[in-house]
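Q:
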Amino acid sequence: MIMSGKLFSKFIYPTLSFAVLVAVKLLYSLYPFNTLSSFATHTFKTHILIHFLPLK
1 MIMSGKLFSK FIYPTLSFAV LVAVKLLYSL YPFNTLSSFA THTFKTHILI HFLPLK
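Read in order, the letters of the sequence shown correspond to residues 1 to 56 in UniProt numbering.
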């Protein structure tokens with residue numbers, strides 16, 4: 001159980017975060033509005049902080 005939890009943290013979260021980054025980049029290229037892009041960037045940074053700070 002603990003090992004699978006560590007595997008999940010090491011592999012699933014980075015994959016999800018990469019997918020989020022790609023989605024943000026795609027949104028930014030499709031809808032380059034300042035408000036949307038800054039909101040998406042802020043959301044992504046918050047997501048990264050929430051998921052990766054506890055792992056360090």
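Ideal Cβ placement from N, Cα and C applies to all residues, glycine included.
Here the structure is a predicted model, which means the values were calculated and not measured.
1) Straight-line CA distance for S17 to L27?
2) Do you know how far the Cα of S4 is from the Cα of T43?
3) Determine the contact status of T41 and V24, defining contact as a CB-CB distance below 8 Å.
A: With the structure as the only source:
1) 15 Å
2) 28 Å
3) yes
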